[in-house]
Amino acid sequence: MSYKGKFRVWRGEGGEGRLEDFTVEVNEGEVVLDVIHRLQATQAPDLAVRWNCKAGKCGSCSMEINGKPRLGCMTRMSTFTEEETITVTPMRTFPVIKDLVTDVSYNYQKAREIPSFTPPADVKPGEYRMQQIDVERSQEFRKCIECFMCNNVCHVIRDHEENKTHFAGPRFLMRIAELDMHPYDVADRKDSAQEDHGLGYCNITKCCTEVCPEHIKITDNALIPMKERVVDRKYDPLVWLGNKIFRR
Amino acid sequence: MTQQTAESAARKQRAQLKVRTLRTDRWWLAPALTFAGLTFFLIYGFWAIFDKSYFVEPYIAPFSSPCLTTACPEGARLFGWAPIGDWFTLPPGLIILGLPAGFRFTCYYYRKSYYRSFWLSPPACAVGEPHKKYTGETRLPLVIQNVHRYFFYGAILIGAILSYDAVLALIHKPAGLGTWILLVNAALIVLYTLSCHSCRHITAGRLNHFSKHPLRYRAWTFVSKLNAKHMQLAWASLFSVMIADFYVRMVAKGVITFPFA
Numbered sequence: 180m181s182y183k184g185k186f187r188v189w190r191g192e193g194g195e196g197r198l199e200d201f202t203v204e205v206n207e208g209e210v211v212l213d214v215i216h217r218l219q220a221t222q223a224p225d226l227a228v229r230w231n232c233k234a235g236k237c238g239s240c241s242m243e244i245n246g247k248p249r250l251g252c253m254t255r256m257s258t259f260t261e262e263e264t265i266t267v268t269p270m271r272t273f274p275v276i277k278d279l280v281t282d283v284s285y286n287y288q289k290a291r292e293i294p295s296f297t298p299p300a301d302v303k304p305g306e307y308r309m310q311q312i313d314v315e316r317s318q319e320f321r322k323c324i325e326c327f328m329c330n331n332v333c334h335v336i337r338d339h340e341e342n343k344t345h346f347a348g349p350r351f352l353m354r355i356a357e358l359d360m361h362p363y364d365v366a367d368r369k370d371s372a373q374e375d376h377g378l379g380y381c382n383i384t385k386c387c388t389e390v391c392p393e394h395i396k397i398t399d400n401a402l403i404p405m406k407e408r409v410v411d412r413k414y415d416p417l418v419w420l421g422n423k424i425f426r427r
Numbered sequence: 068m069t070q071q072t073a074e075s076a077a078r079k080q081r082a083q084l085k086v087r088t089l090r091t092d093r094w095w096l097a098p099a100l101t102f103a104g105l106t107f108f109l110i111y112g113f114w115a116i117f118d119k120s121y122f123v124e125p126y127i128a129p130f131s132s133p134c135l136t137t138a139c140p141e142g143a144r145l146f147g148w149a150p151i152g153d154w155f156t157l158p159p160g161l162i163i164l165g166l167p168a169g170f171r172f173t174c175y176y177y178r179k180s181y182y183r184s185f186w187l188s189p190p191a192c193a194v195g196e197p198h199k200k201y202t203g204e205t206r207l208p209l210v211i212q213n214v215h216r217y218f219f220y221g222a223i224l225i226g227a228i229l230s231y232d233a234v235l236a237l238i239h240k241p242a243g244l245g246t247w248i249l250l251v252n253a254a255l256i257v258l259y260t261l262s263c264h265s266c267r268h269i270t271a272g273r274l275n276h277f278s279k280h281p282l283r284y285r286a287w288t289f290v291s292k293l294n295a296k297h298m299q300l301a302w303a304s305l306f307s308v309m310i311a312d313f314y315v316r317m318v319a320k321g322v323i324t325f326p327f328a
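Just so you know, the sequences run in chain order A and H. 180 is the number of the first residue of the first sequence in the numbering used here; add one for each residue after it. 68 is the number of the first residue of the second sequence in the numbering used here; add one for each residue after it.
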């Protein structure tokens, strides 16, 4: 069954732009990205939208639908009423290139700032031996599709542009946690998580977890455990003393 | 004319939406309910601390347990002790209040709830916060939140004492409604305490080789299951402690008088 859906879509380049109203055909079983494509095909051929897999696995079509960060390809039209006007805007934390496409290079910059996996010098590739239970915590974080919606929704940078220089965002704090929990990673990441990547800015309001399309428990399984590891290092005199006494 | 900073120039490259949020759902409901729930608890707690009807054989109100001064009735004292003596003339509940209050105040779940509902930082996801600056938990006073694990150790003690109180009530009045209210409350308090993120870290979360510590790994697995329900346990135990406390005070005041009270 089809109906004419009412849409308001952000159009513009750079920061300049406006919400434009459209009426577009919506068919049963469609997702928001399908409707955006129909809009592109029938009424706004120059509408810019980034997309790729249409299966929720590439993380390209991140946008804000009725104000919530969502993947366009995973947001079913059946979740809205036929009378509802659906507002589609680009991710609000990043600069707009055109229409719904944002410049997410902040994320790539932050990714580069994290030292890569650092195995012990005496263990060669092919010699790693790990139990499944030792790596399954990290494996949850490998489900990340880098849609950057967690970084987009995080108020630390969403509402405070000035924090972008010293806050890596949940995506990359999770990456630090992943490496710090890895049984074969020997790099010291606790101090830098706090000092260089801004873990202390996180006030664990869990928006990153709420918007994650892969349902990764970013806050409970990555950010809070990493905060606790930092507490071990920086704020817990008992752990410090224990490490001094029992260090081999 | 104001000078344009690099920061504001970068911000102007974002979509210039003039509204705080475009969300159309009732995003304000959760922080409003949280605000109401926590405010109600604070008001009740303030009243309960100064209320003197905290003991009626064999029940002691959770807000006043353990009772550690000579001002406490004989039966209300923990193991009959009064280590604080008679110099402390304020309500006895104030002596131990800091442990459970500090535990909840620094709890990772409650931090989320009051940062959202009281400090509006942010009030809800993708809703703009009203503050111009944000430094999070990087400096005083909020950097003190990192002491949570010490409050956890104290909360374990409080959980054990409330369980002891409930067991005493069970021994002396097994058919009493108050006994079962205290037992349920003690169970919820203990479960909430064990579901704490710091507890999860202490059991084995800090390790990188679970396989070398199978017992700690099993404990971590158990705590992780509880931890997934931390929010629910936080609210359930918050209300259970208020209900149990209020019930005991009502019995002590003679307001509730039925035979199995």
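By construction, the Cβ of each residue, glycine as well, lies at the ideal position given by its N, Cα and C atoms. Note that the coordinates shown come from a computational prediction; the quantities given were computed from them, not determined experimentally.
Residues of chain A with a Cβ closer than 7 Å to the Cβ of A103(H) do not exist, since the nearest Cβ in that chain sits about 19 Å away. Residues of the segment 308 to 329 of chain A with a C-beta less than 7 Å from any C-beta of chain H: Q310, I312, D313, listed in chain order. According to DSSP, W189(A) shares a beta bridge with L198(A). Pairing L105(H) with L258(H), the inter-Cα distance amounts to about 20 Å. Under the criterion of beta carbons closer than 8 Å, L249(H) and Y111(H) do not qualify as touching, at roughly 17 Å. Against chain A, the CB of C192(H) has a partner CB under 8 Å away; the residue lies at that interface.
The count of Cβ pairs closer than 8 Å, one atom from the segment 190 to 201 of chain H and one from the segment 86 to 106 of chain H, reaches three, so the stretches are in contact. At a cut-off of 3 residues, not a single continuous stretch assigned as beta strand (DSSP E) sits fully inside the segment 173 to 243 of chain H. Considering only beta carbons, the part of the segment 170 to 186 of chain H lying closer than 7 Å to chain A consists of Y175, R178, K179, Y182, R183, in chain order.
DSSP places F155(H) in the coil class of the three-state scheme, outside both helix and strand. Of T246(H), G142(H), L145(H), the smallest CA-CA separation from D312(H) is found for T246(H). Measuring C-alpha to C-alpha distances from F186(A) to each of T260(A), C237(A), Y287(A), K236(A) identifies T260(A) as the nearest. Per DSSP, reduced to three states, the secondary structure at L250(A) is strand. With the criterion set as a beta carbon lying under 9 Å from some beta carbon of chain A, the members of the segment 73 to 97 of chain H are E74, S75, A77, R78, K79, Q80, R81, A82, Q83, L84, V86, T88, L89, R90, T91, D92, W94, in sequence order. Exposed is the label assigned to T258(A), since fewer than 16 other Cβ atoms lie within 10 Å of its Cβ.
In this structure, N400(A) keeps its C-beta atom at 8 Å or more from the C-beta atom of R321(A). Between Y414(A) and chain H, the shortest Cβ-Cβ separation is below 8 Å. Counting only runs that start and end inside the segment 247 to 314 of chain A, the beta strand (DSSP E) elements of at least 3 residues fall at 247 to 250, 264 to 268, 275 to 277.
Within chain A, the residues whose beta carbon sits less than 8 Å from that of H264(H) are D399, I403, P404, E407, listed in sequence order. Beyond the five residues adjoining it in sequence on each side, T221(A) comes within less than 7 Å, by CB distance, of no other residue in the same chain. Here R144(H) carries a strand assignment [DSSP, helix/strand/coil]. Between C240(A) and the set R412(A), T264(A), D282(A), the nearest pair of CA atoms involves D282(A). Within 10 angstroms of the beta-carbon of P129(H) lie 16 or more other beta-carbons, which makes it buried. Scanning A271(H), S291(H), A242(H) for the CA closest to the CA of R283(H) turns up A271(H). Among the bridge pairs identified by DSSP, S241(A) is matched with L250(A). With 16 or more neighbouring CB atoms inside 10 Å of its own CB, Y177(H) falls in the buried class. Cβ neighbours of L226(A) within its own chain (closer than 8 Å, five residues either side excluded): V188, R190, I215, L218, Q219, D278, L279. Three or more pairs of CB atoms, one per stretch, sit closer than 8 Å, so the segment 215 to 224 of chain H contacts the segment 162 to 169 of chain H.
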